[in-house]
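Asker: The sequence shown runs 13 to 537 under the numbering used here.
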Amino acid sequence: MEGLWEDVSCSICLDILDNPVSIKCGHNFCHQCLSKYWDEVLAQGEVTQCPECRQPCARDHVMPDTRLRSVVEKIIEMEQEASDNSWMTWEEEAESSFPFRDGMDTVTKGVWMWPQPLWVQGPQGKVAVFLVDTEGSLDLQQHMETSIKLCVFSILLSSYQIFNISSKFKRSEEDYLEMFIKVTREVGNTCNLNPLQHLDLLVRDWQLSHDYGAEGGRKYLDHIQVDLRKSPGHDTVLQVLQAETTQCYLLPHPGMQFIGRSEGTLADMSEPFRHHLRAYVTGVVDSAGTSFRTNSKGNVLTGGELMERIKGISQYLNNKNYGFSSPCTMAKSFANIRTVQRIKEKYSEFLQEQDESTQAMVQCLKVKLSKMRQHLDQKLQDFKQKCEAELQGKEAQKQEILKELEKDLGEKMEAYLKKYQKRYRKKAMMAGLAVGGSALALAGGAIGAVTAGMIAAEVTVMASGAAVGAGGLGAVGAGVGAAVARFVARRKTQNTTVRYSKGTAGEGEVIDDSENMPLLRGVNG
């Protein structure tokens, strides 16, 4: 079949020929593709030619290829029939991959994913669809924490949810569904996902009427809603069942040959069951090409974006400080996760603001390193207190969460301070070079001796000793006046210790008192 697809594909759009035409050289193309291609060629002043072999060809020599069009339609029809029915004959695969038994106990343990994707045609190309079986993930009686965690992963992975119901919608099914809805909403809020994109209520072993399939499902879904409205306390489930993205499908009993057996073949199914099952699965797979996983704003997620969300949630699921023993504790845990995420984002935004506000030399040199550390740490403690006020659950768990938060924010702070220290030193070196001798004299002439003197007085020496020794100060004095020189000397005595080695004055050694001394005084200094 793949070889046939190549023979009936357009070399321009690389897709199946649509309304194929033939040109003089014998090659075939989609009518629209060829017309658009030649329009572009003529717009560039070139001669129309075959897009494949480059042989010149006049536009009036294009002929519709009705025979080829008929062949394409038959190939598409054959493939559609094969895709609709071939899976129903995979008896060996069904026996080995899907054991079954009657009764209330689940067969699937954990989350089971089909090893190979089903490739379906979507609006923008082929889409890989993975089937995931989570039959045992919702168990209200045993292993609640494991069930909820498995349910969380199922929700993360799936854009099309199928809720399996036995015979009819009972109170137990409603309890399962309500818990499922709560989990989906918490996951959606925490991971910025559309929580429930599409929900099918698949009722198996339906025996109350002969209205099967989608039509019977619509009637039964209306009946369920009427029953739920008769008494209060069903708002959560009702809201979902009334949504346009929710539908119901009724399947008949598969046949008496299945009762009491642990395995079987698809051929053992009754013909009515096979018919409705085929129709349902075909409809689901066909719609899967447009059922992409989306975020809360409806934007399609890439595989990488979805993987990042799964990695993030898995870290919390493995953390003992977040409980999932019940829907209630799960809700508190997800609320705490969102609180911690928001605090981390706020602190990162704060660090970004500090980074942007200290890019300029003057602003950077106003804030010494110790002052910046004190400022960042105070903000860290403020955010920690804010987080503590919003956390839910037991006090011991809250304190462990706060401990982890303080560690994470502390690492962010230290990383920023390391970068800030490098910037501070770099700006200080640049400032030291800028106020040496003649440069400062020029500045004094341009902006006035008073301003130049103030800048010189506030600069802690980070250049070589020779540049700021007695001779250097003499040059400064000559540039901006004797009064400024005396002011500079007086401030230097306060901020630095100067030792002169033996020899000529001006060849002295300058010892920096502290790199934490602000180079430029300011309100934050």
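Here a beta-carbon is modelled for each residue, glycine too, at the ideal position from N, C-alpha and C.
These figures come from a predicted structure and were not determined experimentally.
Please state whether DSSP places residue 261 in a helix, a strand or coil.
Answerer: In the structure shown, residue 261 sits in a strand (DSSP, three-state: E or B).
Asker: Cβ of residue 244 within 8 Å of Cβ of residue 264?
Answerer: No, they are not a contact pair.
Asker: Compute the distance between the beta-carbons of residue 206 and residue 310, then report whether it is under 8 Å.
Answerer: In this structure, residue 310 lies closer than 8 Å to residue 206 by Cβ.
Asker: Would you kindly work out how many angstroms separate the C-alpha atoms of residue 62 and residue 34, rounded to a whole number?
Answerer: Each residue's Cα considered, the two are about 10 Å apart.
Asker: Within 10 angstroms of its Cβ, does residue 305 collect 16 or more other Cβ (buried), or is it exposed?
Answerer: When all chains shown are included, residue 305 counts as buried.
Asker: By Cβ distance below 7 Å, which residues in the same chain neighbour residue 538 in space, the five residues on each side in sequence not counted?
Answerer: What is shown of the chain runs 13 to 537, which leaves residue 538 out entirely.
Asker: Measure the C-alpha to C-alpha separation of residue 447 and residue 377 and round it to an integer number of angstroms.
Answerer: Because residue 447 carries a pLDDT of 40, less than 50, the predicted location of this residue cannot be relied on, and the following value inherits that uncertainty. Those two C-alpha atoms are separated by around 14 Å.
Asker: Taking the alpha-carbon positions, what's the residue 395 to residue 165 distance?
Answerer: Their Cα atoms are separated by approximately 31 Å.
Asker: With distances taken Cα to Cα, identify the nearest neighbour of residue 229 among 426, 26, 215.
Answerer: Among 426, 26, 215, the Cα nearest to that of residue 229 belongs to 215.
Asker: Identify the continuous alpha helix (DSSP H) that holds residue 339 and give its terminal residues.
Answerer: Element bounds for residue 339: 339-369.
Asker: Residues in the same chain with beta-carbon distance under 6 Å from residue 36, minus the five sequence neighbours each way, listed in chain order, please.
Answerer: Cβ neighbours of residue 36 beyond the five flanking positions: 69, 73.
Asker: Can you tell me which of 41, 349, 392 puts its alpha carbon nearest to the alpha carbon of residue 362?
Answerer: Out of 41, 349, 392, 392 has the C-alpha closest to the C-alpha of residue 362.
Asker: Note down, one range per segment and in chain order, each alpha helix (DSSP H) of at least 4 residues found wholly within the region 15-74.
Answerer: If we require 4 residues or more, the alpha helix (DSSP H) runs fully inside the region 15-74 come out as 43-55.
Asker: Can you tell me where the alpha helix (DSSP H) holding residue 285 begins and where it ends?
Answerer: Counting along the chain, the alpha helix (DSSP H) containing residue 285 begins and ends at 283-300.
Asker: Enumerate in chain order the residues of its own chain whose CB-to-CB distance from residue 236 is below 7 Å, with the five nearest sequence positions on each side excluded.
Answerer: Only 181, 253 meet the Cβ criterion.
Asker: Can the beta-carbon of residue 333 be found closer than 8 Å to that of residue 409?
Answerer: Going by C-beta atoms, residue 333 is nearer than 8 Å to residue 409.
Asker: Helix, strand or coil for residue 408 per DSSP?
Answerer: Three-state DSSP puts residue 408 in a helix.
Asker: Starting from residue 134, trace the beta strand (DSSP E) in both directions and tell me its first and last residue.
Answerer: Segment 130-134, the beta strand (DSSP E) holding residue 134.
Asker: Kindly indicate which three-state DSSP category residue 209 falls into: helix, strand or coil?
Answerer: Residue 209 falls in the coil class under three-state DSSP.
Asker: Skipping 5 residues on each side, what residues in its chain have a beta carbon closer than 6 Å to that of residue 312?
Answerer: Contacts found: 304, 306.
Asker: Between residue 405 and residue 398, what straight-line distance do the alpha-carbon atoms span, to the nearest angstrom?
Answerer: Using only the alpha carbons, I get a separation of about 16 Å.
Asker: Where does residue 138 fall in DSSP's three states?
Answerer: Of the three classes helix, strand and coil, the one that applies to residue 138 here is strand, per DSSP.
Asker: Please report how far the alpha carbon of residue 400 lies from the alpha carbon of residue 250, in whole angstroms.
Answerer: Those two C-alpha atoms are separated by around 36 Å.
Asker: Measuring only the C-alpha atoms, how far is residue 317 from residue 75?
Answerer: In a straight line, the C-alpha of residue 317 is about 47 Å away from that of residue 75.
Asker: Using the rule of at least 16 other Cβ atoms within 10 Å of the residue's Cβ for burial, across every protein chain shown, is residue 238 buried or exposed?
Answerer: Per the 10 Å Cβ criterion, exposed.
Asker: Quick check: what's the CA-CA separation for residue 372 versus residue 403?
Answerer: Their backbone Cα atoms lie some 39 Å apart in a straight line.
Asker: Relative to the C-alpha of residue 324, which candidate in 232, 291, 202 has its C-alpha closest?
Answerer: It is 202 whose Cα lies nearest to the Cα of residue 324.
Asker: Can the beta-carbon of residue 209 be found less than 8 Å from the beta-carbon of residue 171?
Answerer: Cβ distance < 8 Å, so residue 209 and residue 171 count as in contact.
Asker: Tell me, which residues are paired with residue 176 by DSSP?
Answerer: Its beta-bridge partners are 214.
Asker: Rounded to a whole number of angstroms, what is the C-alpha to C-alpha distance between residue 241 and residue 174?
Answerer: If I take the Cα positions, the gap works out to 23 Å.
Asker: If distances are taken between C-alpha atoms only, which option among 292, 368, 298, 417 comes closest to residue 539?
Answerer: Outside the displayed range of the chain (13 to 537) lies residue 539, so it cannot be described from this structure.
Asker: If I follow the unbroken alpha helix (DSSP H) through residue 246, where does it start and stop?
Answerer: No alpha helix (DSSP H) contains residue 246, which DSSP labels as neither H nor E.
Asker: What is the residue span of the alpha helix (DSSP H) that residue 324 lies within?
Answerer: Segment 315-329, the alpha helix (DSSP H) holding residue 324.
Asker: My output table needs one value for residue 394: the three-state DSSP class, helix, strand or coil.
Answerer: Residue 394: helix per DSSP, three-state reduction.
Asker: Specify the secondary structure class of residue 379 as computed by DSSP and reduced to three states.
Answerer: Of the three classes helix, strand and coil, the one that applies to residue 379 here is coil, per DSSP.
Asker: Cutting at 6 Å between CB atoms, please list the residues of its own chain near residue 27, excluding the five before and the five after it.
Answerer: Within the same chain, residue 27 has no close Cβ partners at all.
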